[in-house]
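Peer 1: Have a look at the structure that comes next, please.
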Amino acid sequence: MISAGDFRNGATFEMDGSVYSIIEFQHVKPGKGAAFVRTKIRNVITGAVVEKTFSPTEKFPTAYIERKDMQYLYKDGDLYYFMDNETYENIPISGDTLGDNFKFVKENTDVKVLSYKGNIFGVEPPFFIELQVVKTDPGFAGNTATNATKPATLETGAEIKVPLFIEEGEMIRVDTRTGEYMERA
């Protein structure tokens, strides 16, 4: 059991038959009245985010999320196939389960598959991934006075903004959490 007074970012708990992860929390002690905990929580199955306040003494069962290392193999229709790195078993996962940041993952990349009581609800790609730029406009000398960017298409088909000096064929590092260009690889 976890009490609302012990909430920390990333902690998971069960409430009303659903599993929630804490995004933000704040202990509030008003001048008048009882203290409370203001939170922003995400339903880990549906992804819905809600703000809720709790009494610090409220208790909830702790939810244990399993994070398993797997390798992304290939896509077939709407199914994405992953291989368990320990048992070498192939597991199909629906494209609806994958987050927006999965567009940066290429084949044979190790990811973390998230499940709760055997039900897979998400896939976490590595925080940083190296990808090749397959299409972008050429940069022109002289227009570098500001932090100007241009669109670029990566080898996975994802589109991001890159600095003007990046050219086709270059390998770059991308932050999968924000979808931003980090540096040349």
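Mapping of the sequence shown onto my numbering: position 23 corresponds to residue 23, and the numbering continues sequentially without gaps. The C-beta atom is built at its ideal place from N, Cα and C for all residues, glycine as well.
Alpha carbon to alpha carbon, how far is residue 181 from residue 12? Give it in angstroms, no decimals.
Peer 2: The residue you call residue 12 lines up with position 12 of the sequence shown. The residue you call residue 181 lines up with position 181 of the sequence shown. Taking the straight line joining both Cα atoms gives about 31 Å.
Peer 1: Does DSSP put residue 35 in a helix, in a strand, or in coil?
Peer 2: Here residue 35 corresponds to residue number 35 of the sequence shown, with the count starting at 1. DSSP places residue 35 in coil when its eight states are reduced to three.
Peer 1: Using a Cβ-Cβ cutoff of less than 7 Å, which residues in the same chain neighbour residue 58 once the five nearest sequence positions on both sides are dropped?
Peer 2: Position 58 of the sequence shown holds residue 58. Within the same chain, residue 58 has close Cβ partners 3, 4.
Peer 1: Anyone know if the C-beta pair for residue 176 and residue 129 falls short of 7 Å?
Peer 2: Taking the first residue of the sequence shown as position 1, residue 176 is located at position 176. Taking the first residue of the sequence shown as position 1, residue 129 is located at position 129. It is a contact, given that the beta carbons lie within the stated cut-off.
Peer 1: Indicate whether residue 114 and residue 41 have their beta-carbon atoms separated by less than 7 Å.
Peer 2: Residue numbering aside, residue 114 sits at position 114 when the sequence shown is read from its first letter. Residue numbering aside, residue 41 sits at position 41 when the sequence shown is read from its first letter. No; because the gap between Cβ atoms is not below 7 Å, this pair is not in contact.
Peer 1: Under 7 Å, do residue 7 and residue 49 count as touching if we go by C-beta distance?
Peer 2: Here residue 7 corresponds to residue number 7 of the sequence shown, with the count starting at 1. Here residue 49 corresponds to residue number 49 of the sequence shown, with the count starting at 1. No, the pair does not count as a contact, with Cβ atoms beyond the cut-off.
Peer 1: Determine whether the beta carbon atoms of residue 117 and residue 156 lie at a separation below 7 Å.
Peer 2: Start at 1 with the first residue of the sequence shown, and residue 117 comes out as number 117. Start at 1 with the first residue of the sequence shown, and residue 156 comes out as number 156. Their beta carbons are not under 7 Å apart, which means residue 117 does not touch residue 156 by this criterion.
Peer 1: If I follow the unbroken beta strand (DSSP E) through residue 70, where does it start and stop?
Peer 2: The sequence position of residue 70 within the sequence shown is 70, counting from 1. In this chain, the beta strand (DSSP E) harbouring residue 70 covers 66–76.
Peer 1: Under the rule that 16 or more other beta-carbon atoms within 10 Å means buried, what is residue 122, buried or exposed?
Peer 2: To locate residue 122, count along the sequence shown from 1; it is residue 122. When all chains shown are included, residue 122 counts as buried.
Peer 1: Whole angstroms is fine: what's the gap from residue 124's alpha carbon to residue 68's?
Peer 2: Reading the sequence shown from its first residue, position 124 is the one you call residue 124. Reading the sequence shown from its first residue, position 68 is the one you call residue 68. Between residue 124 and residue 68, the C-alpha separation is close to 10 Å.
Peer 1: Please report the Cβ distance between residue 83 and residue 111, rounded to the nearest whole angstrom; I am assuming they are in contact, meaning their Cβ atoms lie under 8 Å.
Peer 2: As a first step, residue 83 is located in the sequence shown; it is residue number 83 there, counting from the start. As a first step, residue 111 is located in the sequence shown; it is residue number 111 there, counting from the start. Between residue 111 and residue 83 the Cβ distance is about 11 Å, and since that is not below 8 Å, they are no contact.
Peer 1: Taking all protein chains shown into account, decide if residue 72 is buried (16 or more other Cβ within 10 angstroms of its Cβ) or exposed.
Peer 2: Here residue 72 corresponds to residue number 72 of the sequence shown, with the count starting at 1. So residue 72 counts as buried.
Peer 1: Since I believe residue 174 is in contact with residue 133 (beta carbons under 8 Å), could you give me their beta-carbon distance rounded to a whole number of angstroms?
Peer 2: Start at 1 with the first residue of the sequence shown, and residue 133 comes out as number 133. Start at 1 with the first residue of the sequence shown, and residue 174 comes out as number 174. Residue 133 to residue 174, Cβ: 10 Å. No contact.
Peer 1: Tell me, to the nearest whole angstrom, how far the beta carbon of residue 23 is from that of residue 43; I am working on the premise that it is less than 8 Å.
Peer 2: Locating residue 23 in the sequence shown gives position 23, where the first residue counts as 1. Locating residue 43 in the sequence shown gives position 43, where the first residue counts as 1. Rounded, the Cβ-Cβ distance is 11 Å, inconsistent with contact.
Peer 1: When DSSP labels each residue in this structure, what does residue 46 get in the three-state scheme?
Peer 2: Along the sequence shown, read from residue 1 onward, the residue named residue 46 stands at position 46. In this structure, residue 46 counts as coil in the three-state DSSP scheme.
Peer 1: What runs of the beta strand (DSSP E), each 3 residues or longer, lie entirely inside the segment 92–128?
Peer 2: Counting whole runs of 3 or more residues, the segment 92–128 contains the beta strand (DSSP E) stretches 109–116, 119–124.
Peer 1: Are there 16 or more other CB atoms within 10 angstroms of the CB of residue 20, so buried, or fewer, so exposed?
Peer 2: In the sequence shown, the residue the question calls residue 20 occupies position 20. Classification of residue 20: buried, given that the 10 Å Cβ count is 16 or more.
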